[in-house]
Amino acid sequence: MRRKLYAVLLALLEAIIYYYIFVALDINLGILRQSLGLYLIYMLMCGHYSIKDTLIWNEIKHVTKATAFYLITYIIILPTSMFQDKRRYLVFLAIIMYFITIFLSRTLRIVFRKFLVRNTLVIGTGKDALDYGRTLNNNRFAITRVVGFVDMNTCSKFDQQFNNVVDLEKSHKFFKYDVFKYQDLRKIVKDKHIEQISIVEPDMDQKTFDIAMEDASQLVDHVKYMPEDNHMMNFSSSIRDFDGILIISASRRKPRTIDAVLKRMMDIFFSLIGCLFILPIAVVVKIMNLAHGDHASIFYKQKRVGRYGRDLNVYKFRSMVPNAEEVLKDILAKDPEKRAEWERSAKLEDDPRVTAAGKFLRKTSLDEFPQFINVLKGDMSLIGPRPVIPEELEWYGDRVTEFLSAKPGLTGYWASHGRSDVDYPERCDLELYYVHHQSIFLDLQIVLRTALGVIFGEGAR
Numbered sequence: 001m002r003r004k005l006y007a008v009l010l011a012l013l014e015a016i017i018y019y020y021i022f023v024a025l026d027i028n029l030g031i032l033r034q035s036l037g038l039y040l041i042y043m044l045m046c047g048h049y050s051i052k053d054t055l056i057w058n059e060i061k062h063v064t065k066a067t068a069f070y071l072i073t074y075i076i077i078l079p080t081s082m083f084q085d086k087r088r089y090l091v092f093l094a095i096i097m098y099f100i101t102i103f104l105s106r107t108l109r110i111v112f113r114k115f116l117v118r119n120t121l122v123i124g125t126g127k128d129a130l131d132y133g134r135t136l137n138n139n140r141f142a143i144t145r146v147v148g149f150v151d152m153n154t155c156s157k158f159d160q161q162f163n164n165v166v167d168l169e170k171s172h173k174f175f176k177y178d179v180f181k182y183q184d185l186r187k188i189v190k191d192k193h194i195e196q197i198s199i200v201e202p203d204m205d206q207k208t209f210d211i212a213m214e215d216a217s218q219l220v221d222h223v224k225y226m227p228e229d230n231h232m233m234n235f236s237s238s239i240r241d242f243d244g245i246l247i248i249s250a251s252r253r254k255p256r257t258i259d260a261v262l263k264r265m266m267d268i269f270f271s272l273i274g275c276l277f278i279l280p281i282a283v284v285v286k287i288m289n290l291a292h293g294d295h296a297s298i299f300y301k302q303k304r305v306g307r308y309g310r311d312l313n314v315y316k317f318r319s320m321v322p323n324a325e326e327v328l329k330d331i332l333a334k335d336p337e338k339r340a341e342w343e344r345s346a347k348l349e350d351d352p353r354v355t356a357a358g359k360f361l362r363k364t365s366l367d368e369f370p371q372f373i374n375v376l377k378g379d380m381s382l383i384g385p386r387p388v389i390p391e392e393l394e395w396y397g398d399r400v401t402e403f404l405s406a407k408p409g410l411t412g413y414w415a416s417h418g419r420s421d422v423d424y425p426e427r428c429d430l431e432l433y434y435v436h437h438q439s440i441f442l443d444l445q446i447v448l449r450t451a452l453g454v455i456f457g458e459g460a461r
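All letters in the sequence shown, in the order written, are residues 1 to 461 by the UniProt record's numbering.
The following block contains the structure:
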């Protein structure tokens with residue numbers, strides 16, 4: 001009920017703002033009711049007023065769809081005679097309302113968060129559970145508060161044992177969160193006013209899952225769970241009922257033609273802009289290198305694996321000393337800790353091969369700028385899995401064909417979600433997540449996250 005009242009308030013405020021902008025633009029008041037009605041209907045149809053526990057990216061997707069339908073209606077479908085010379089004002093109105101709607105939705109969610117939030121209990125104490133809890137608690141738009149986690153290993157009704165991220169026998173805290181025993185589930189729900197339970201333990205067997213789901217369903221109205229094989233799910237997944245048998249459809253079809261065309265247009269647009277910055281960056285890098293006695297070329301190309309396994313020459317600003325490979329071999333031979341770090345993530349925390357200019361380039365991710373040339377040529381895309389050297393394909397195992405099915409990207413899901421802060425196996429999972437879920441909206445999300453990462457220097461090394 002609280003969320004329905006909030007949705008009504010949101011629609012009312014948007015209608016009032018729409019009215020005043022409509023009047024200010026001096027558009028024919030005779031079509032105000034029709035215009036405003038279509039705007040609100042499209043927003044409703046696209047899920048804008050369905051107040052769910054989603055992140056801001058999903059809200060942007062809903063508002064973008066609704067605004068697109070609105071513009072198509074007034075620019076293409078309805079006759080020009082209805083608006084006389086005011087059609088351009090309606091387009092301007094839609095653009096203004098697009099940004100106002102996103103801003104208003106985010107602001108109101110934050111202001112009314114205490115009123116809208118659902119206290120959530122997470123069953124599971126593994127890495128997936130921790131990531132889930134942190135994501136929800138760190139994002140105010142999600143209007144979900146994780147109260148604590150439930151350790152399933154404490155309950156004798158489960159034959160299965162699970163790996164915990166921390167040793168819960170020595171600590172009663174799951175990082176900063178409270179940890180509860182599964183047998184106290186009913187008491188916890190009552191004492192902590194829990195409204196939602198999320199089961200985030202993807203390795204549980206069917207028997208264990210059935211017990212946990214049954215227990216949770218008896219205690220709260222809202223139960224969520226992570227599928228056993230989460231990477232099989234994608235944005236096009238749907239649940240179908242075949243006479244009482246529920247089947248999940250998770251097709252991995254190629255991107256639609258329209259999506260491929262839009263993606264290529266986006267590649268060309270951003271790569272042309274990016275290429276304009278290559279020369280001034282090159283001048284700064286050259287001056288810094290000369291100041292340190294480095295007279296070698298500031299550019300270099302490295303052979304990587306492209307789409308479908310083809311050879312790909314990737315262009316970069318050189319951020320290491322000219323004899324980097326020899327230096328690396330010497331480091332790994334003399335330092336066991338460095339060798340273990342390299343084998344784990346194919347990176348070094350304090351890499352002595354990196355030049356003074358290279359440290360700046362890597363911190364800001366500017367060393368990748370010459371790859372805009374690769375994007376413009378069509379060898380790479382703006383968004384996609386980062387290209388790898390042949391030796392790194394071993395990390396993907398029997399999933400290598402899936403990984404190589406997508407065009408390599410200048411940035412990608414892994415690059416915008418932690419980058420050097422994750423180990424290589426997790427990097428593989430993140431890259432494959434993009435391959436399975438790629439879409440224009442996800443690409444736009446990654447562009448925004450990457451831009452913020454470059455500005456604040458997060459995750460790059």
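Using N, Cα and C, we set each Cβ at its ideal position, and we do this for glycine too.
Does the distance from the C-beta atom of residue i to that of residue j stay below 8 angstroms?
i              : j                : result
aspartate 267  : serine 319       : no
isoleucine 383 : valine 314       : no
arginine 109   : isoleucine 60    : no
leucine 312    : valine 321       : no
leucine 404    : arginine 307     : yes
threonine 125  : glutamine 160    : no
valine 261     : valine 220       : no
leucine 38     : phenylalanine 92 : no
arginine 339   : leucine 328      : no
tyrosine 396   : alanine 346      : no
leucine 393    : valine 285       : no
So, is residue i buried or exposed, given that buried needs 16 or more other C-beta atoms within 10 angstroms?
i              : result
proline 385    : buried
asparagine 163 : exposed
glutamine 438  : buried
aspartate 443  : buried
alanine 460    : Low local confidence applies: a pLDDT of 49 at alanine 460 is under 50, so the model's placement there is unreliable, with the coordinate-based value given in what follows. Answer is buried; the Cβ neighbour count reaches 16.
methionine 45  : exposed
leucine 279    : exposed
proline 370    : buried
methionine 380 : buried
threonine 107  : exposed
leucine 430    : buried
valine 435     : buried
tyrosine 413   : buried
tyrosine 19    : exposed
arginine 33    : exposed
isoleucine 123 : buried
serine 217     : exposed
lysine 4       : exposed
proline 408    : buried
glutamate 14   : buried
leucine 432    : buried
Would you grab the beta carbon distance between residue i and residue j for me? Rounded to a whole angstrom, and I think it's under 8 angstroms.
i                : j              : result
valine 147       : isoleucine 199 : Contact flag wrong, Cβ pair sits at about 15 angstroms.
phenylalanine 69 : tyrosine 42    : 5 angstroms
threonine 154    : glutamine 196  : That pair is no contact at about 22 angstroms.
leucine 90       : serine 50      : About 26 angstroms separates the two Cβ atoms, so there is no contact after all.
alanine 282      : isoleucine 298 : 6 angstroms
isoleucine 100   : isoleucine 17  : 6 angstroms
threonine 450    : alanine 415    : 6 angstroms
lysine 181       : aspartate 151  : 6 angstroms
With a CB to CB cut of under 7 angstroms and the five nearest residues on each side skipped, what residues in its chain are close to residue i?
i           : result
alanine 356 : Met288 and His292
leucine 452 : none
leucine 55  : Asn139, Phe141 and Ala142
alanine 11  : Leu40 and Tyr49
State the start and end residues of the unbroken alpha helix (DSSP H) segment that holds residue i.
i              : result
threonine 154  : Premise fails: threonine 154 is in no alpha helix (DSSP H) and is neither H nor E.
histidine 436  : 424 to 437
threonine 107  : 87 to 111
asparagine 289 : 257 to 291
tyrosine 19    : 2 to 24
asparagine 138 : 127 to 138
asparagine 119 : It is not in any alpha helix (DSSP H) - asparagine 119 instead sits in the beta strand (DSSP E) that spans 118 to 123.
tyrosine 300   : No alpha helix (DSSP H) contains tyrosine 300, which is instead part of the beta strand (DSSP E) from 299 to 305.
With residue i as the anchor, note down where its beta strand (DSSP E) starts and where it stops.
i           : result
leucine 312 : 311 to 317
leucine 366 : Per DSSP, leucine 366 belongs to no beta strand (DSSP E) and is neither H nor E.
glycine 409 : 409 to 411
lysine 224  : 222 to 225
Given residue i, which residues of its chain have a CB within under 6 angstroms of its CB, disregarding the five upstream and five downstream residues?
i            : result
alanine 296  : Pro322
tyrosine 74  : Leu90
methionine 1 : none
Using a Cβ-Cβ cut-off of 8 angstroms (strictly less than) and excluding sequence neighbours within five positions of residue i, which residues of its own chain qualify?
i             : result
arginine 145  : Val117, Arg118, Asn119, Thr120, Leu136 and Asn137
alanine 7     : Tyr49, Ser50 and Ile51
valine 63     : Met43, Cys46, His48, Tyr98, Thr101, Ile102 and Ser105
aspartate 205 : Gln160
leucine 376   : Asp267, Ile268, Ser271, Leu272 and Cys275
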